[in-house]
Amino acid sequence: MRSELRFGLLGAPAVYDADGEPQPVQSAKGRALLAALLLEPGRVVSVDALKDALWGGHPPASAHASLQNHVTRLRRLLDAPDRLRAVPPGYRLRVADGELDVRVFEQLVSRARSAHAERDWDACAEAASDALALWRGTPLDGLPPDAAGHALVPRLEEARLLALELRYDAEIALGSSGGLVPKLAELVAEYPLREAFHRQLMLVLHRAGRQAEALAVHRELRRRLVEELGVEPGAAVREAHRVVLQEPVGSTVPGDAEPEPAVTEAPSAAAAAAPAPAQLPPSPPHFTGRTDVTYALSRLLAGGDGDEEGTPPVAVVSGMAGVGKSALALHVAHGLRERFPDGQLYVNLHGATPGMTPLTPDQALAALLRDLGVEPQRSPQHPDAASALLRSLLAPTRTLMVLDDAATAAQVRPLLPAGSGCAVIVTSRSPLAALDGAGRFPLEPLSGRDSDALLRAVSGRAGLEAGHPLVELAGRLPLALRIVAARLAARRALTPDALAELLAASDGRLHHLEHDDLSVRRSLAVALDALCGSEREADQDAAAALARIGALDLPTYGVPLLARLLGVAERRAEAALDRLVDVALLDETAYGRYAPHDLVRDFAREAARQNGCGMTGAEVADAALHWYAESALQSLLAIMPEGLDRDDRMRGVADRLSAGRADSRSGDSRSGDSSEGGAVGAVPAMSTDQAFAWGDTELANVIAVADRYGRSSALLPVLVRCIFSYLKRRGRLAEADLLTRLAITAARRSGDREGEAQALTDLAGLNYVSGHSGAALERIDEALVLWRELDHVSCVHRGVINRGLLLEALGRYEEAADALRQSMELAKSLDDPLSEAFALSNLGNIYEHTDARAAIDCHQRSLEIGEAQGHDGVRQEAHCDIGYSYLALGEPALALSHFEESLRIHDEAEDWHNESRVRLGTVRALRELSRTCDAARECEDLLDRAEARADEHRAGLARHQRGLLLYADGHVEEAYAEWEAALAALDGTDSSEVVSELKGLLAGTVPQQV
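Once you know that position 819 of the sequence shown is 824 in my numbering, the rest is easy, because the numbers rise by one and skip nothing.
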């Protein structure tokens, strides 16, 4: 059995070796990565989920690159590196049946249970023992607390205890229980309320002739159950007690069945005075999905044994309007009625009911006492006394209470029973964090499949195919889906496609999500109306924030941006956003990041148009662009090393930002508030890690605000030139291309010639790295015209360097050399050593085609300048260029040493373009050294990284190398598939030599060299 295992979670995450021995992963991050993948065996785990697993929701700026490094290290531990593949949007670890110890363990426990039910004691003992042999310690041991608290852990620990029970039952039945007393005594001490171990210990002691001790075990168990839980031992323990009393001491005892449910006492006289309440509204028809949360909620409530202090289980089901909180609560409550024979109480607290005022605790108490048979004249007037009477009436009973639509924890707290046999379900838009000890069940919209099923069931339209647009247009929200289904059911002539067209009109969706007394808009408006009518500062700020969100409409929001839009300090903005989360108008998708549901977005846009937000839409957009430009400037200062390049990129930025800052804040009277908590601060300086983290977090928003509002804004060229360094270093080529093109449009419309020149220069660089040097040369020539007109010599110099680089890529070597010699003269006139280093590097690249030794000399001189200036970027590029020169000379070992040094420097100076060149050179060097396994692993890693960045050009070059490696290993069909994919990616780019080779390889006219 162990020889088939490959992975383990029953203990510290481990990889099994060929001998079937578990080899724990040594690094903490490696364990976290392996565990995250094994918790979803054979399924794709997203990159974001893996980052959360490794860094607990606070990934550093280098998380993406670091994750890929951990993936590479993990591959080295696997029996086959291709087990772990990059599959967008993340990674998938292939795990076959019988290869994961958790699966094998659960199969063995299931087999033991079946054998136990059939009284096949030999099979039961064998399966249970085999299962327990896999147990190496606490599941997911050695992981951070968040991961170790995964729901899998208690499930497996419970399964282990069951396996022990099954094995000991089998051993008792087989008569081999002589050595069980010490083991069972230890388990009884460790689990004092687990009746099965007590029963087994009683029987084993009885068999050993120790009747008095067996009776003492029963007496102590009964005392504890009665005093702590108010229940008697179950039927199985009572049967064991009878055996101890009546059967001869030392007799053979047959194995007993599993314990039966405990018998409850009769209801108290107070509770019996009135009929048992059965107040639950009807169970919702067509209840769909929610399988996992239904199981977890039922399990919590059905336990009925509360915590160690005897308090009843309380569950809070929370979520946005219309997400199905009440439906879930009633569905679960009806399923538990038999477990609560003394009644089921239901109170609608109207915390968010359109047109109704929430019940006060006094009103709710009076209703509950009346329903329990207390005459109104005998009901205490003081709220504390009424609450105490409620607790007294419910204490001896097994009663289920549903408190629907609660507004606050204060509304709920006086209504809670104290008896351990009771249970409470509370529904609320708020998670009611102030309600101590409650289990919390936040609901999300339904899955696509469950939404399809609900829509078909309620509408009666069997022809609704899976994935119909109506599902997403209704936001997968049960209320909206029921409204859509009701409209389809009411109007048979209304087709699903026609209704989808009505909903797709962005300004009319909420209008069509109303039917009879059902309305998404009215449900959402309850929360906003309460905020607007409140005198609390946080509530007023929250209402204003929702209007700003509706006016701007970005994917996500953070505290600093909302503080700028509101014109308040971040403390107040955070309080406002938290209030919106509390009333379920926003979700906190990650720490400090907030986003509305799609239907809330529509509602917020309506609110911004109808109620106003204190600013026009243009003013909100301008304020956002200002904040993003100022933040991008701080990221530029953190990411880009000091020097002439950074000075040129920042030229005029501060003036353009300050010119419009006053206008961007003039639309809101709060902007000048200097009272405590109200002052609006400038964007603070960032560290390098903070700058990368800011870019990772805000990039989607930057693209959205630029695309919607930036084409006519003079601020967009400033924003893009400041964020470009981040985009280049991160390898976000597609995003950079979009933003630079938008910046060119905006600069031309606003007459910003300097901004246009910079955007053209940046676009030329993007064209070059994507393999389109011809287009890049056109852009750089346009930029040079502008730089010369502006008389910015340093920018002209940089443009000439880039022109030389592009001419070299196009094979126009003489023109390239002339351009680079011209750039070196300009560098000397600028007295800028780094400019000279870049010129030398590019000159070396030209020499590489004719005289690789001369090329190495140029690169060495560039490296010396980089060392003297302490410039990691120059050092990294110089080592990479030297490596390629040695490849040209046929000396792969020397090339590899320089590639390795360049990659080492990369960890300190992240730059995807240079990194990808280094990794490709490493693959070539390893292949030429016949280290094919290492080359294949590095090639896989390079391909993963390129595809994660949507860099088709670099991915195509990697596939070319991968095909050569596969062909050399005898995998001819796979090699041709890689070459075809590579040709599709590279055809039409500057990689003409590789393209020609690929065409020859596919035609069979080029020999496949290893």
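Idealized CB from N, CA, C, for every residue including glycine.
(message) Can you confirm whether the region 401–418 touches the region 347–367 when touching is taken to mean that 3 or more C-beta pairs between the two stretches lie within less than 8 Å?
(response) These segments touch.
(message) Please report the distance separating the alpha-carbon of residue 443 from that of residue 319.
(response) Residue 443 and residue 319 have their C-alpha atoms some 5 Å from each other.
(request) Please report the residue range of the beta strand (DSSP E) in which residue 1017 lies. (result) With the chain covering only 6 through 1015, there is no way to say anything about residue 1017.
(message) Rounded to the nearest angstrom, what separates residue 488 and residue 478 at their Cα positions?
(response) So the alpha carbons of these two residues sit roughly 12 Å apart.
(message) Give the list of continuous alpha helix (DSSP H) stretches no shorter than 4 residues that lie fully inside the region 742–772.
(response) None, since the region 742–772 contains no complete alpha helix (DSSP H) of that length.
(request) May I have the straight-line CA-CA distance separating residue 312 from residue 424, to the nearest angstrom? (result) Note on residue 312: pLDDT 46, under 50, position unreliable in the model; the coordinate value appears next. When rounded, the distance between both Cα atoms is 11 Å.
(request) Compare the C-alpha of residue 845 against each of 854, 835 and 860 and name the closest. (result) Looking at the Cα atoms, 860 is the closest of the given residues.
(message) Just list the residues that DSSP pairs residue 696 with in beta bridges.
(response) DSSP lists no partner for residue 696.
(message) Mapping the DSSP letters down to three states, classify residue 104 as helix, strand or coil.
(response) The answer is coil: DSSP assigns residue 104 none of H, G, I, E or B.
(request) Could you pull out every residue in the same chain whose Cβ sits closer than 6 Å to the Cβ of residue 629, ignoring the five residues on either side in sequence? (result) For residue 629, where only same-chain residues beyond five positions count, the Cβ hits under 6 Å are 557 and 710.
(message) In whole angstroms, give me the CA-to-CA distance for residue 38 and residue 58.
(response) In a straight line, the C-alpha of residue 38 is about 7 Å away from that of residue 58.
(message) Under 8 Å: do the region 795–810 and the region 946–957 share three or more Cβ pairs, one atom per stretch?
(response) The answer is no - the region 946–957 does not touch the region 795–810, with fewer than three Cβ pairs under 8 Å.
(message) Let me confirm a value: residue 673 is counted as buried when at least 16 other C-beta atoms fall within 10 Å, else exposed. Which label applies?
(response) Because the pLDDT at residue 673 is just 46, under 50, the model does not fix this residue reliably, and the value given afterwards should be weighed accordingly. A buried status is given to residue 673, since no fewer than 16 other beta-carbon atoms sit within 10 Å of its beta-carbon.
(message) Taking 8 Å as the threshold (C-beta atoms), are residue 91 and residue 117 in contact?
(response) Taking 8 Å as the Cβ cut-off, residue 117 and residue 91 do not qualify as a contacting pair.
(request) May I ask you to report which of helix, strand or coil DSSP gives residue 24? (result) Reduced to three states, the DSSP call for residue 24 is coil.
(message) Please report the distance separating the alpha-carbon of residue 365 from that of residue 559.
(response) Spanning the two alpha carbons is a distance of roughly 38 Å.
(request) Could you have a look at residue 496 and say whether DSSP puts it in helix, strand or coil? (result) In the structure shown, residue 496 sits in coil (DSSP, three-state: anything other than H, G, I, E or B).
(request) Evaluate residue 260 with the Cβ neighbour count: other Cβ atoms within 10 Å of its Cβ, from every protein chain shown; 16 or more gives buried, anything less gives exposed. (result) Because the pLDDT at residue 260 is just 41, under 50, the model does not fix this residue reliably, and the point stays unresolved.
(request) May I ask you to verify whether the region 193–207 touches the region 224–235, counting CB pairs closer than 8 Å and requiring at least 3? (result) Touching, yes, given that three or more Cβ pairs across the two stretches are closer than 8 Å.
(message) If we require 3 or more residues per run, which beta strand (DSSP E) segments fall completely within the region 50–94?
(response) Complete beta strand (DSSP E) runs here, min 3: 89–92.
(message) For residue 810, which residues in the same chain have their Cβ closer than 6 Å to its Cβ, ignoring the five residues on either side in sequence?
(response) Excluding residues within five positions, the ones whose Cβ falls inside 6 Å are 847.
(message) Just verifying my parser: in three-state terms, what is the DSSP assignment at residue 4?
(response) This structure cannot settle anything about residue 4, because the visible part of the chain is limited to 6 through 1015.
(message) Going by DSSP, what residue range makes up the alpha helix (DSSP H) through residue 298?
(response) Counting along the chain, the alpha helix (DSSP H) containing residue 298 begins and ends at 296–308.
(message) In the DSSP assignment, the alpha helix (DSSP H) including residue 596 goes from what residue to what residue?
(response) Per DSSP, residue 596 lies in no alpha helix (DSSP H) segment and is marked neither H nor E.
(request) Measure the alpha-carbon distance for residue 263 versus residue 336 and round it to whole angstroms. (result) Its pLDDT being 39, under 50, residue 263 is placed unreliably in this model, and the coordinates cannot settle the point.
(message) Nearest by alpha-carbon distance to residue 473: which of 498, 450, 449 and 504 is it?
(response) Comparing Cα positions, the closest option is 504.
(request) Would you tell me roughly how many angstroms separate the C-alpha atoms of residue 639 and residue 689, rounded to the nearest one? (result) Answer to the nearest angstrom: the Cα atoms are 7 Å apart.
(request) Return the chain-ordered list of same chain residues with a C-beta closer than 6 Å to the C-beta of residue 591, the five sequence neighbours on each side being excluded. (result) The residues are 585, 599 and 601.
(request) Give the range of the beta strand (DSSP E) segment to which residue 349 is assigned. (result) Annotation for residue 349: the continuous beta strand (DSSP E) segment containing it runs 349–353.
(message) Which of the three DSSP states is assigned to residue 114 in this structure?
(response) Residue 114: helix per DSSP, three-state reduction.
(message) Cutting at 6 Å between CB atoms, please list the residues of its own chain near residue 465, excluding the five before and the five after it.
(response) Within the same chain, residue 465 has close Cβ partners 494.
(message) Would residue 95 and residue 9 qualify as a contact pair, given that the criterion is a beta-carbon distance under 8 Å?
(response) 8 Å or more divides the Cβ of residue 95 from the Cβ of residue 9.
(request) Give the single residue among 435, 399, 451 and 428 whose Cα lies nearest to the Cα of residue 414. (result) For residue 414, the nearest C-alpha among the options comes from 435.
(message) What residue range does the alpha helix (DSSP H) around residue 780 cover?
(response) For residue 780, the uninterrupted alpha helix (DSSP H) segment begins and ends at 778–795.
(request) Output the distance between the C-alpha atoms of residue 677 and residue 924, rounded to the nearest integer angstrom. (result) Confidence at residue 677 is low in this model, with a pLDDT of 42, below 50, so its placement is unreliable and no value can be given for it.
(request) Less than 8 Å between the CB atoms is what I'm expecting for residue 172 and residue 120, so what's the real figure, rounded? (result) The pair is not a contact, with the Cβ atoms about 11 Å apart (cut-off 8 Å).
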